[in-house]
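Here the protein sequences line up with chains C and A, keeping their order.
Taking my numbering as reference, the numbering of the first sequence is continuous, increasing by one, and the terminal residue is 88.
Taking my numbering as reference, the numbering of the second sequence is continuous, increasing by one, and the terminal residue is 1648.
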Amino acid sequence: MDELMLDGNAAAGLLQEVFAVEVTTAVGTCDGCGAVDEVGAVRVYMGAGTVLRCPQCESILMKVVTDGQRVWIDMRGVRTLELRAGA
Amino acid sequence: MAGAAVLGRLIWRVAEVVDVVAETARVKTVGFDVPDWPGHLPGQHVDVRLTADDGYQAQRSYSIASAPDRARLDLTVERLDDGEVSPYLTEELQQGDQIELRGPVGGYFVWEPSRGGPLLLVAGGSGIVPLMAMLRHRAATGSDVPAILLFSSRGWEDVIYRDELEHLDGNGLSVVHTLTRSQPDGWRGYARRVDKDMLAEVGPSASEHPHVYVCGPTPFVEAAAEALVSLGHEPAQIRTERFGPTGG
Chain C
2 MDELMLDGNA
12 AAGLLQEVFA
22 VEVTTAVGTC
32 DGCGAVDEVG
42 AVRVYMGAGT
52 VLRCPQCESI
62 LMKVVTDGQR
72 VWIDMRGVRT
82 LELRAGA
Chain A
1401 MAGAAVLGRL
1411 IWRVAEVVDV
1421 VAETARVKTV
1431 GFDVPDWPGH
1441 LPGQHVDVRL
1451 TADDGYQAQR
1461 SYSIASAPDR
1471 ARLDLTVERL
1481 DDGEVSPYLT
1491 EELQQGDQIE
1501 LRGPVGGYFV
1511 WEPSRGGPLL
1521 LVAGGSGIVP
1531 LMAMLRHRAA
1541 TGSDVPAILL
1551 FSSRGWEDVI
1561 YRDELEHLDG
1571 NGLSVVHTLT
1581 RSQPDGWRGY
1591 ARRVDKDMLA
1601 EVGPSASEHP
1611 HVYVCGPTPF
1621 VEAAAEALVS
1631 LGHEPAQIRT
1641 ERFGPTGG
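See the structure below:
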């Protein structure tokens, strides 16, 4: 167990900044194993950037890096992300 | 569309300190007046941003302690001695000071009376904060949803909201403490870390399909969630919020 592991709640502000809707209740499908989880339930590691990992297979779902002006988003690990419009 | 808010867009707001109240030796509740606060749900948090004179910024997330029923916004913060933000919030801030915050954020770790129960809340230390917002809201709305709070603290003097929890106990809420490091004389309650046997005794059982919320340091949450799953609780019914050692 990694003591630095957080969960999707910890990235709520950052993700809402990026997507402009509440994202922790959005449902993502892992491209690695096909598991379906709410973003609030995924594993989150924060360092220079923020890394979201699948709670089932630990594949990287998403990487988000920001310098305060720009945001880089790598979503290769997310097959689909279902957002509720206006949430 | 004139006057329509851009949905979901987060903006930084200036919040003014109304008062600072000591909860324990290391924990304080800071009450804020936030103009045009859009309201929140129990369990949501805010991002707090501090800016130094040289422009350096530090940002942290803090759970909202107050129920949505109150006009003011309370954050309960534990001081982490090597933290960048919590020592300032707990030791420096005074009435009338201003800080920047944005929110509410989150929606996953949220409970409202309309979601029903029974409710099982498991807190480790300052992990009580978002769960307290739920219990305060439950009481303020007169909800009769059955609820159990299992609250792990180091010692009796470290129990955050101790008097208020004693007052809330009853009316369908059962508060169970465990004290992991030191216990007062004559203590008859639990005196160990939360484990499978304790969760089985405290209940409710998996067959009652409770809504479970677990909040605390990462190792605490991992252990409690694992024990709950081994007792047959559906993983999808167990919502967790972890905070790491670098959270301060």
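Ideal Cβ positions, reconstructed from N, Cα and C, are used throughout, including at glycine.
Computed from a prediction, not measured in an experiment: that's the story for all the values here.
Let me know the secondary structure DSSP gives residue i once reduced to three states.
i                 : result
Ala1405 (chain A) : With a pLDDT of 41 at Ala1405 (chain A), under the threshold of 50, the modelled position of this residue cannot be trusted; read the value that follows with caution. Residue state, collapsed to three classes: coil.
Tyr1424 (chain A) : Before going further, note that residue 1424 (chain A) is Thr rather than Tyr in the sequence given. Of the three classes helix, strand and coil, the one that applies to Thr1424 (chain A) here is coil, per DSSP.
His1445 (chain A) : strand
Thr1429 (chain A) : strand
Glu1492 (chain A) : helix
Val1498 (chain A) : Position check: residue 1498 (chain A) holds Gln in this sequence, whereas Val was assumed. Note: Gln1498 (chain A) maps to strand in three-state DSSP.
Gly1616 (chain A) : strand
Glu1484 (chain A) : coil
Val80 (chain C)   : Checking the sequence, you will find Arg at residue 80 (chain C) rather than Val. Strand, per DSSP.
Asp75 (chain C)   : strand
Arg1593 (chain A) : coil
Val40 (chain C)   : helix
Ser1630 (chain A) : helix
Do residue i and residue j have their C-beta atoms within less than 9 angstroms of each other?
i                 : j                 : result
Val1417 (chain A) : Val1430 (chain A) : yes
Leu1631 (chain A) : Ala1591 (chain A) : no
Gln1457 (chain A) : Asp1447 (chain A) : no
Asp3 (chain C)    : Tyr46 (chain C)   : yes
Ala86 (chain C)   : Val22 (chain C)   : yes
Asn10 (chain C)   : Ser1574 (chain A) : no
Leu1520 (chain A) : Val1612 (chain A) : yes
Arg1 (chain C)    : Thr30 (chain C)   : Any question about residue 1 (chain C) goes unanswered here, given that chain C covers just 2 to 88.
Pop quiz: residue i and residue j are said to be a contact at Cβ under 8 angstroms. What is the actual Cβ separation, rounded to whole angstroms?
i                 : j                 : result
Val1510 (chain A) : Gln1444 (chain A) : 6 angstroms
Gly1524 (chain A) : Glu1478 (chain A) : No, Gly1524 (chain A) and Glu1478 (chain A) are not in contact; Cβ-Cβ is about 11 angstroms, not under 8 angstroms.
Lys1428 (chain A) : Val1434 (chain A) : The Cβ separation is near 18 angstroms, so there is no contact.
Leu1410 (chain A) : Gly14 (chain C)   : 6 angstroms
Val66 (chain C)   : Val19 (chain C)   : No, Val66 (chain C) and Val19 (chain C) are not in contact; Cβ-Cβ is about 11 angstroms, not under 8 angstroms.
Ala1624 (chain A) : Val1594 (chain A) : 5 angstroms
Hey, how far is the Cα of residue i from the Cα of residue j?
i                 : j                 : result
Leu1398 (chain A) : Gln1498 (chain A) : Lying outside 1401 to 1648, the shown extent of chain A, residue 1398 (chain A) is not represented and no answer is given.
His1633 (chain A) : Cys55 (chain C)   : 20 angstroms
Gly1603 (chain A) : Ala1467 (chain A) : 25 angstroms
Gly69 (chain C)   : Met63 (chain C)   : 18 angstroms
Asp1585 (chain A) : Leu1568 (chain A) : 24 angstroms
Cys1615 (chain A) : Arg1639 (chain A) : 9 angstroms
Thr1451 (chain A) : Pro1487 (chain A) : 14 angstroms
Ala1402 (chain A) : Gly1506 (chain A) : Because the pLDDT of Ala1402 (chain A) is 36, which lies under 50, any placement of that residue in the model is unreliable, and the number read from its coordinates should be weighed accordingly. Rounded to the nearest angstrom, the two C-alpha atoms are 27 angstroms apart.
Leu7 (chain C)    : Thr1476 (chain A) : 19 angstroms
Leu1579 (chain A) : Asp1597 (chain A) : 16 angstroms
Pro1513 (chain A) : Asp1453 (chain A) : 44 angstroms
Leu82 (chain C)   : Glu39 (chain C)   : 9 angstroms
Arg44 (chain C)   : His1440 (chain A) : 24 angstroms
Count the other C-beta atoms from every protein chain shown that fall within 10 angstroms of the C-beta of residue i, then say buried if there are 16 or more, exposed otherwise.
i                 : result
Val1529 (chain A) : buried
Gln17 (chain C)   : buried
Ser1552 (chain A) : buried
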